[in-house]
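J.:
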Amino acid sequence: MTLLIAQLSDTHIREGGAFAYGAVDTKSFLEQAVAHLNALDPQPDAVVLSGDLVDYGTDAEYAYFRSLIAPLKAPLWVIPGNHDSARIWHAFPEAGALRGGEGLGYKVEVGPLSLLMFDSTVEGEHHGHASEARCAWLADALAATDGPSLLFLHHPPFLTGIGHMDRNNCWEAERLAATVAPASGLLAIGCGHIHRMITATVGGRRAMIAPSPAHAVSLDLRENSPATFHLEPPAILVHRVTRTERGWTHVSHQSFIGDYRGPFPFFQTDGALV
Ligand SMILES: [Fe+2]
């Protein structure tokens, strides 16, 4: 049995399709991402959007976001990022109704796979927080989960070396790491916030940051690097969870959005390399 969970992150939609930061056509990027997701074969069993759906968190932005995402064929589950607001739960009431309480996450079951959707946001702040209450919710959710699971949160619970983002990552991440460490069914952790593919280990689990379908935070590992972004190839992640004779396994693929040359065959009809 195989399940596919596509992860989209940091779409940063502004009302009416206004460019973000004067340079990023986030509306068009999201439209291309939706078309890319709809063209995946096989189709994902669900799509997770790991925060920063919009830029200012207004009702108008969420309404516009919903109009852009409406053609998406697969079920969509969202968690907030630092650019979102509590209005997200009014825009996505089906997710809001599943929450464990104010400021807490929710759990969704996709067949035998559980998606643990962790709210890491702090109202009015850019950093996140793995608070005691949130980690208690996560511990309970993990304890109540028999099968495999994936954990999603916006703020990475690890350092990336990009200083201006690390200062606003998931604070008190060691509490989250200690919470996930004993959970044998938890396969991986998916994050957003940095807009580029980065991997790490957290509590003995593979953790990864999904790229954005729009702009990428600049890869600048110098001390005191300025807060800048680049327009790199837009992308998503595709998490593949499959049951083997040795149990559940997980891999993640980066899938670039756009028209690239190919496919080209490796072999001729007689089996020789081209
Ligand atoms: Fe973002």
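Quick note: the sequence shown uses the numbering used here, first residue -10, plus one each step.
Don't be surprised by glycine CBs; every beta carbon is placed ideally from N, CA and C.
The structure presented is a predicted model; accordingly, all values stated were derived computationally and were not measured.
(1) Could you name the residues that DSSP lists as bridge partners for residue 98?
(2) Between the C-alpha atoms of residue 69 and residue 40, what's the straight-line distance to the nearest angstrom?
(3) Once the 5 residues before and after residue -1 are set aside, which same chain residues still bring their CB inside 6 Å of it?
(4) Exposed or buried, which one is residue 196 when buried takes at least 16 other CB atoms within 10 Å?
(5) Is the beta carbon of residue 47 closer than 8 Å to that of residue 203?
(6) Smallest Cα separation from residue 37: which of 13, 127, 76, 81?
(7) Identify, in the order they occur along the chain, each residue of the same chain with its Cβ nearer than 6 Å to the Cβ of residue 163, setting aside the five sequence neighbours on each side.
(8) Quick one: grab the DSSP three-state call for residue 118.
(9) If you measure between the beta carbons of residue 138 and residue 102, is that distance less than 8 Å?
(10) With a threshold of 16 other CB atoms inside 10 Å of the CB of residue 235, please say whether the residue is buried or exposed.
(11) First and last residue of the alpha helix (DSSP H) that includes residue 21?
(12) Excluding sequence positions up to five away, which residues of its chain have a Cβ less than 8 Å from the Cβ of residue 209?
(13) Which one of 107, 62, 100 has the shortest CA to CA distance from residue 84?
(14) Give me every residue whose Cβ sits closer than 5 Å to any heavy atom of ligand 1, in chain order.
(15) Please report how far the alpha carbon of residue 169 lies from the alpha carbon of residue 255, in whole angstroms.
(16) Among 117, 172, 207, 166, which has the Cα closest to the Cα of residue 71?
(17) Run through the DSSP bridge pairs and tell me what residue 194 is partnered with.
T.: The structure says:
(1) The residue labelled residue 98 in the question sits at position 109 within the sequence shown. The partner list for residue 98 (beta bridge, DSSP) reads 103.
(2) Taking the first residue of the sequence shown as position 1, residue 69 is located at position 80. Taking the first residue of the sequence shown as position 1, residue 40 is located at position 51. Computed Cα separation, rounded: 4 Å.
(3) As a first step, residue -1 is located in the sequence shown; it is residue number 10 there, counting from the start. Closer than 6 Å at the Cβ level, and outside the excluded window around residue -1, lie 41, 181, 184, 201.
(4) In the sequence shown, counting from the first residue as 1, residue 196 sits at position 207. By the neighbour-count rule (16 or more Cβ atoms within 10 Å), residue 196 is buried.
(5) For the purposes of this step, residue 203 is taken as residue 214 along the sequence shown, with counting starting at 1. For the purposes of this step, residue 47 is taken as residue 58 along the sequence shown, with counting starting at 1. No, these two residues do not count as a Cβ contact at 8 Å.
(6) As a working mapping, residue 37 is identified with position 48 in the sequence shown. Cα-wise, what sits closest to residue 37 is 81.
(7) Counted from its first residue, the sequence shown places residue 163 at position 174. Once the five neighbours on either side are set aside, residue 163 has no close Cβ partner at all.
(8) Indexing the sequence shown from 1 puts residue 118 at position 129. Strand at residue 118.
(9) The residue given as residue 138 occupies position 149 in the sequence shown. The residue given as residue 102 occupies position 113 in the sequence shown. Their beta carbons are under 8 Å apart, which means residue 138 touches residue 102 by this criterion.
(10) Here the question's residue 235 lines up with position 246 in the sequence shown. Residue 235 is exposed by the Cβ-count criterion.
(11) Here residue 21 refers to the residue found at position 32 of the sequence shown. 15 to 28 is the extent of the alpha helix (DSSP H) around residue 21.
(12) As a first step, residue 209 is located in the sequence shown; it is residue number 220 there, counting from the start. The answer, listed in chain order, is 151, 215, 217.
(13) Sequence index remark: in the sequence shown, residue 84 carries index 95 (1-based). Comparing Cα-Cα distances from residue 84 to each of 107, 62, 100, the minimum goes to 107.
(14) -1, 41
(15) If you number the sequence shown from 1, residue 169 lands on position 180. If you number the sequence shown from 1, residue 255 lands on position 266. Distance between the alpha carbons of residue 169 and residue 255 is about 42 Å.
(16) Within the sequence shown, residue 71 is the residue found at index 82, counting from 1. Minimum Cα distance to residue 71 is reached at 117.
(17) Indexing the sequence shown from 1 puts residue 194 at position 205. Residue 194 is bridged to 191.
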